[in-house]
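Working notes, beginning with the structure itself.
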Amino acid sequence: MVTEDSSGEVVVRLDGVHKEYGETTALAGASLEIRAGEAVAVMGPSGCGKSTLLNMIAGLDRPTGGTVVVHGENVGELSEKGLALYRRRRIGMIFQFFNLIDDLSALDNVALAAQLTGTPARQARRRALELLDELGIADRRNAYPAVLSGGERQRVAVARALMNRPALLLADEPTGALDSRSGEQVMDLLLDLNQIGQTLVLVTHDEHLARRCASRLIEFADGRVTGEHTLEPSA
Amino acid sequence: MRAVWRAARAAVRRRRLQTLVIALVTLTSTVAMVVALGLVDAASAPFDKAFGKQRGPHVVAAFDPAEVSDAQLAQVARESGVEAAAGPYAQATVEFPDGSMNFGLGREITVVGRADPEGPVDRLDLWAGRWATRPGEVVLNRQSDWTSDDLGKRLPMPSGGPALTVVGFAFDLSRTADAWVAPEQIDALHPTVTQMLFRFPDSSTDDRLRAQLGKATEGLPADALTASRSYLTLKHQVSSSARAYTPYLMAFGILGIAVAVLIIANVVSGAVISGFRHIGVLKALGFTPGQVVAVYLTMISVPAVLGCALGTVLGNVLARPFFEFVFMGPDAGVFHDSVSVSAWVNAVTLLGMPAVCLLAALAPAVRAHRMSAARAISAGSAPRAGRALGIQRRLAGSRLPRSVSLGVGLPFARPGRSALTLAAVVLGVTTVTFATGLATTMTRFGDAGRDAYQVTVYASHVKDGKEIQPEHGDRELHSLLAELPGASEVTGRAVVDVRLAGSAHPVILEGRRGDRPQLEDVLTRGRWMRGDGEIVAGSAFLRQNGVRVGDRVSLEKGGRTEKVLVVGEFMQSNPRVVAAGWSTLTALAPHEKPISYHVRLRDGTDPAAYARAARAADAGITPDVRGSNAITQTIIGSASALTLMLAVVASLGVFHTVVLNTRDRRRDLGMLKSIGMTPRQVTVMTVTSMAVLGAIGSLLGIPLGVAGYDLVVPRMTAAVDITLPAYMTDVWEAPALAALALAGLVIAVLGALVPARRAGRLTVAEVLRSE
């Protein structure tokens, strides 16, 4: 695990971020910084705004106030196309419910991310196969999401997230839909990735996951950061 | 029941877009259905409908007033074998003084004394002015395309008798008279005949009508009945132009019905299938399977019934000007101010379209009825096993941009829905192809000989009801017209009635003299006449008289006979017309002069300016600038309107499919955007998915449209006894086919564009959160 490195470059900076959905306030002045190579876990009760926070960093949504700067880019000021390119180049996203395309095989789901950038099909598939191999599911490359187990689906989703070598890997309850064994496998995977330098932000209810994978814990409540702790590596 | 209604109402509110689309599609489809069924109805038996509406007489009988009294004829009307009768009416023949205005009725007209336009038989369509109720008034038998500005004008009477004032125009399909006057007026016109109008129970054949008339009049003196005319003869004459329309209108009607039903089925079944998860939730809450089906049928029925009702009203509103446009004149069975959609069409549409909607909803609803709650819920949300996986795999490995290859694969993931959408596109393309072919033929037909002349100069002029003769003689006038600025060619045309030896049919011989004897006519076989003793005949003439190109026939006029050789066949639907050179005409009618001169102008010459110059050169002529061909315009115009309507309906079907697909694939779209797909790529992917169906639709629709053309056009031309030259029917050229191939793409892309752009703008966070 990478421990906190205060000298690392700040890759994510949120400053007084607000987000309202009609009458509902999801973020109420959230501010935080994340440095390169860090593994940060965001925890808090349901509905406190942590997924919204992740969406802001991922460029999946725009703040209604404050700024979100990632690698020097003000995400809130990007056009729709700019946001798409930002997500494509800088972000890898892992969802609780995998969000794989049912009609595509595991290999094609992974290759898709690279193909959208214009990478030729053959080259994209070669890289996808390498990733599936690294994640231990190369033998399931031709299987479709409907026949994969939860753990396998999440590995495919992780492979897809890593396909374009993102600067930032964001995971929203990555083990929330998995049984404990599959959950452990995914945790190991995230830990390994962080150990080789991948910056990681994960949103979770699972303290065990946070302690296992993250070096820093951000406590979140009522749409804002309420506390921060450095975590000791778990056994 | 309240729970069902509440759940259905909530579902309708929650699915505003879907509800709107169902209402919109049923509305548009219903409009198309009303117009299509109305067309089929109107085109099926136009004469019968018009004749029935007027309660036309099966037999118009003429009696000698010297042999039979009015009282005796009134008794005949009450005979048991007579269904209904009108009359006796006194009938006179009036010949107009030379040069007087005759309102286009000819020089000799039949005038009947009649107290009113109604009655048990022969109800006249009094479309302008009022009925003649006093002496000195007359009502003329004219179609509603005649100008009502002539009301108040005077109809001159022979032998210096007082002129009659035109107080009304009425149309009588049965042609029982050219004009009607009040009974008090008719004696002044010296009637020679008493007219009776009969309807009989059996009007199927001439023989049966003759037998029934004979039975009804058997008590009258032997010579009392001087003539009788059966409506069957009239029916044959009148129906010919409507017969030309029928196959074409039928084809459009059937296409319209098929498109409407298909789109409705597509939209409604898609709406139910996409609501499976909701069905599961309802079941989990304790709704019985029957209640669930009821909720869904209610949910679909509300917008469908609303759409059908509004569509029927709108269809009727739109059909009126459209039918007036299509069915020009009473020959097609439509009278002034009586164009409307039949009651049965409205009834069928109002009941049939909701029934189609319910039937389309029923099949998937029954499927949901049988499903367990858990399965219904999972059918709406669980990962689906992939479909058409081989295709997806090949596409993923292709060189196409990924947004395009994903789009190409999408239709295969929903084969049922894609098939219905494809069917709608196929029908749309079929319609466009068929209409394009027809319009091309009709344009060429209408344009045939358009450049032959631009101005017709009639050799007479009517001023203040008096005919003025030209100041110049025939040859002098011909030369004068040729010398006016801008004139390029001048051809004189004379017409004489002759007789074909051995035949009872009269023949109209058109003699032509000058630069362009073929005038605007199109040769379909043989050649044009080159010298004396040669004629060119219309297709209908040849068929009806059993004559062929190369045959010799004899034409007779008075005591003269001329043997002529048929050297060609030209496009002419009038079975009485033949064309010949001037010397052939004058051999039969030596003193005949042209009734008109046809002037072809040099390029750039203004026809109106030429007409003014001609008029200034001789006050006794009437120059007329050639207008457009009304029938051609009607067919092209109506084909364009129908094509547009059906293309819109087909596009709406595509629109709805994309809306449903987008909703089904919200999660996928959100995911794709989350990994970097741009809005443009989402739009491209979605539009591509429909463009694939558009391309396949073109491939299937074009041959179907061509087949429809091959089926309909020969029947149209056969109905009016015309042979079209090959250049008019060879309409399928490569550029035209390439343009048609685009039709399917255009229909699909237009339908897909709006929901595709919406899909491109989906907010990822919202989509993924709602999942």
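Read top to bottom, the protein sequences are chains A and B.
Mapping to UniProt numbering: the first sequence position 86 is 86, numbers consecutive.
Mapping to UniProt numbering: the second sequence position 145 is 145, numbers consecutive.
All residues carry an ideal CB built from backbone N, CA and C; glycine is no exception.
Nearest residue (CA-CA) to residue i, options the options
i	options	result
I300 (chain B)	B:A360, B:V566, B:R680 and B:W732	B:A360
V490 (chain B)	B:D606, B:A36, B:S80 and B:R602	B:R602
P57 (chain B)	B:L124, B:C357, B:A36 and B:A10	B:L124
T561 (chain B)	B:A36, B:H461 and B:T584	B:T584
V70 (chain A)	A:R62, A:I57 and A:E77	A:I57
R68 (chain B)	B:R626, B:P411, B:T226 and B:G397	Residue identity check: residue 68 (chain B) is Val in the sequence provided, not Arg. Ranking B:R626, B:P411, B:T226 and B:G397 by Cα distance to V68 (chain B) puts B:T226 first.
S230 (chain B)	B:P221, B:A222, B:L213 and B:E218	B:L213
W5 (chain B)	B:A36, B:V295, B:A177 and B:V25	B:V295
V764 (chain B)	A:L83, A:G72, A:N109 and A:S31	A:L83
A30 (chain A)	A:T67, A:G22, A:G8 and A:A41	A:T67
V567 (chain B)	B:G559, B:V553 and B:P575	B:V553
L588 (chain B)	B:G390, B:L509, B:N266 and B:V599	B:L509
L116 (chain A)	B:V648, B:L693 and B:P401	B:P401
M196 (chain B)	B:A10, B:A224, B:D730 and B:L73	B:L73
A28 (chain A)	A:R211, A:A138 and A:T52	A:T52
A8 (chain B)	B:V112, B:V181, B:L565 and B:L297	B:L297
I747 (chain B)	B:G760, B:P714 and B:A691	B:A691
R450 (chain B)	B:V599, B:G751 and B:A718	B:V599
L740 (chain B)	B:I595, B:T440, B:V302 and B:S418	B:T440
A452 (chain B)	B:T93, B:V426, B:R626 and B:P135	B:R626
G604 (chain B)	B:E569, B:A752, B:L126 and B:S488	B:S488
F95 (chain A)	A:N74, A:A39, A:A159 and A:E20	A:A159
Element boundaries [alpha helix (DSSP H), containing residue i]
i	result
F541 (chain B)	S539 to N545
D447 (chain B)	P415 to D447
H478 (chain B)	D474 to E483
Y610 (chain B)	P607 to A617
P88 (chain B)	Segment A84 to E95 is the beta strand (DSSP E) holding P88 (chain B); no alpha helix (DSSP H) there.
Y727 (chain B)	A726 to T729
T52 (chain A)	K50 to A58
H208 (chain A)	E207 to C213
Q115 (chain A)	A106 to Q115
Alpha-carbon to alpha-carbon, residue j and residue i
i	j	result
L742 (chain B)	S698 (chain B)	7 Å
L209 (chain B)	F200 (chain B)	7 Å
L644 (chain B)	I675 (chain B)	41 Å
residue 238 (chain A)	L162 (chain A)	This structure cannot speak to residue 238 (chain A), because chain A is shown only from 1 to 235.
D606 (chain B)	P485 (chain B)	10 Å
H336 (chain B)	V317 (chain B)	Because the pLDDT at H336 (chain B) is just 49, under 50, the model does not fix this residue reliably, and the value given afterwards should be weighed accordingly. Going by the C-alpha atoms only, they are around 16 Å apart.
A106 (chain A)	T204 (chain A)	25 Å
R16 (chain B)	T678 (chain B)	27 Å
D668 (chain B)	M685 (chain B)	12 Å
L351 (chain B)	R320 (chain B)	21 Å
Q469 (chain B)	D497 (chain B)	22 Å
Chain-order list of residues whose beta-carbon lies under 7 Å from that of residue i (same chain, five-residue window excluded)
i	result
A221 (chain A)	G44, P45 and C48
P330 (chain B)	The pLDDT assigned to P330 (chain B) is 42, lower than 50, so where the model puts this residue is not dependable, and the model offers no usable value.
V577 (chain B)	I508, E510, G538 and F541
H472 (chain B)	L480 and D618
L131 (chain A)	V110, A159, L162 and M163
Bridge partners - residue i, DSSP secondary structure assignment
i	result
V69 (chain A)	A:R13 and A:N74
W180 (chain B)	B:V112 and B:V139
P506 (chain B)	B:R499
S554 (chain B)	B:K563
L164 (chain B)	B:L155
E569 (chain B)	B:R525 and B:A537
H461 (chain B)	B:I468
is_contact[residue i, chain E] using C-beta, thresh 8 Å
i	result
N99 (chain A)	The displayed structure is made up of protein chains A and B, and chain E is not among them.
Run of the beta strand (DSSP E) containing residue i, from where it starts to where it stops
i	result
L217 (chain A)	R216 to A221
A579 (chain B)	V577 to G581
D624 (chain B)	T622 to V625
8 Å Cβ shell around residue i - same chain, five flanking residues per side excluded
i	result
V21 (chain B)	V267, L652, F655, H656 and V659
P88 (chain B)	F63, D70, L73, A74, T194, Q195 and M196
D102 (chain A)	Y144, P145 and A146
Cutoff 6 Å; reference residue i; Cβ partners in own chain excluding five residues on either side
i	result
V293 (chain B)	A365 and H369
N661 (chain B)	none
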